[in-house]
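Okay, so here's the structure we're looking at.
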Amino acid sequence: MSLNWTSYVDTDSSVEHDRLLLLQQLFDGDSEKLLERAGLAPGWRCLEVGAGAGSVARILADRAGATNVTATDLDTTLLAPLAESGVRVLRHDVTTDEAPGEFDLIHTRLVLEHVTQRDLALRRMVSWLAPGGVLVVEAAAPMPEMSSDPTVGRALAALSDQLRRSVGTDRTWARTLPVPLEQAGLVDCTAEGHIIPARGGSPFAHWMIETHRLVEQDVVSNGTLTAAELAHTFAAYTNRLSSTTRG
Ligand SMILES: C[S@@+](CC[C@H](N)C(=O)[O-])C[C@H]1O[C@@H](n2cnc3c(N)ncnc32)[C@H](O)[C@@H]1O
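Heads up, the sequence shown is in the numbering used here, so the first residue is 44 and it goes up one at a time.
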């Protein structure tokens with residue numbers, strides 16, 4: 044497969060829908076804890092930016108009340124069930140479209156690292172907060188250099204490079220937090236990291252295989268990785284006995 048997106052991800056494709064569902068399964072538990080710690084309560088006006096397949100907006104709706112929640116994305120096809128339950132669903136580009144309202148809580152997950160105008164997007168989200176409002180940003184920072192398997196590490200580096208070239212993804216941005224939040228005008232900012240081992244055979248390793256498949260033609264044809272290295276990487280992510288990488 045070859046990657047020809049201009050933004051991450053193409054929510055209109057069935058492969059991407061499956062990848063989004065897997066991603067939700069992997070990260071929703073931690074996101075829910077973060078939202079609890081942010082004080083999410085009934086009646087809070089909430090915005091979910093880049094809602095994808097909508098699971099975090101669903102969590103917000105369950106806690107704050109569906110009619111208090113707005114869920115945005117470039118493509119809202121997968122958010123139709125949320126709209127039916129009373130959530131306000133908006134086709135909306137966080138970098139250009141008009142303010143979607145004023146909010147007590149804004150959350151975004153695995154979006155800003157892929158948006159080239161991420162500082163502008165942050166400033167805009169900050170301007171949509173009500174006084175005393177909270178912004179919760181979750182972003183990934185793959186670290187190929189930490190891989191326990193050098194070939195798997197090279198494949199992760201090749202994937203990250205291809206995403207940077209085709210989408211503008213910055214794999215190091217998350218590690219600069221909370222500085223960009225302070226620069227966007229927020230106070231009382233904190234950041235923390237969470238390392239997820241992509242052990243062979245785990246759901247996360249499965250997601251890694253599916254994500255590598257998006258760029259396999261690109262990285263082999265441009266000489267970044269050999270077909271044998273990719274095959275080794277897929278086997279390492281599949282084999283339950285080997286701990287392969289951390290990202
Ligand atoms: C990796 S997915 C994450 C989806 C969801 N936040 C989650 O964690 O399950 C990134 C999402 O951001 C959306 N997105 C990308 N650029 C965007 C933009 N400029 N404005 C709004 N959404 C955007 C994509 O369409 C996609 O649904």
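From the three backbone atoms N, C-alpha and C, an ideal C-beta is built for every residue, glycine too.
Note that the coordinates shown come from a computational prediction; the quantities given were computed from them, not determined experimentally.
Can you give the beta carbon distance from residue i to residue j, rounded, assuming they're within the 8 Å contact cut?
i: residue 122; j: residue 132; result: 5 Å
i: residue 168; j: residue 222; result: Residue 168 to residue 222, Cβ: 16 Å. No contact.
i: residue 150; j: residue 99; result: 6 Å
i: residue 184; j: residue 217; result: 4 Å
i: residue 211; j: residue 157; result: 7 Å
i: residue 283; j: residue 243; result: 5 Å
i: residue 200; j: residue 272; result: The Cβ separation is near 11 Å, so there is no contact.
i: residue 263; j: residue 269; result: 7 Å
i: residue 180; j: residue 117; result: Residue 180 to residue 117, Cβ: 18 Å. No contact.
i: residue 258; j: residue 202; result: 6 Å
i: residue 279; j: residue 192; result: 6 Å
Could you check where the beta strand (DSSP E) with residue i kicks off and where it finishes?
i: residue 173; result: 172 to 181
Starting from residue i, trace the alpha helix (DSSP H) both ways and give me its first and last residue.
i: residue 150; result: That residue, residue 150, is in no alpha helix (DSSP H); its beta strand (DSSP E) goes 146 to 152.
i: residue 268; result: Here residue 268 belongs to no alpha helix (DSSP H), and DSSP marks it neither H nor E.
i: residue 197; result: 193 to 209
i: residue 253; result: 246 to 264
i: residue 225; result: 222 to 226
Between residue i and residue j, is the Cβ-Cβ spacing less than 9 Å?
i: residue 148; j: residue 182; result: no
i: residue 128; j: residue 101; result: yes
i: residue 142; j: residue 114; result: no
i: residue 187; j: residue 69; result: no
i: residue 163; j: residue 172; result: no
i: residue 205; j: residue 261; result: yes
i: residue 144; j: residue 90; result: yes
i: residue 281; j: residue 239; result: no
i: residue 276; j: residue 195; result: yes
i: residue 104; j: residue 125; result: yes
i: residue 108; j: residue 86; result: yes
i: residue 228; j: residue 166; result: yes
i: residue 319; j: residue 88; result: There is no way to answer for residue 319, as the model of the chain reaches only from 44 to 290.
I'd like to know whether the C-beta of residue i is nearer than 9 Å to at least one C-beta of chain B.
i: residue 263; result: As a matter of chain content, chain B is missing from the structure shown, which is built from one protein chain.
- Message: Report the start-end ranges of each alpha helix (DSSP H) in the region 57 to 139 that is 4 residues or longer and not cut off at the edges.
- Response: The qualifying runs are 57 to 80, 98 to 107 and 123 to 127.
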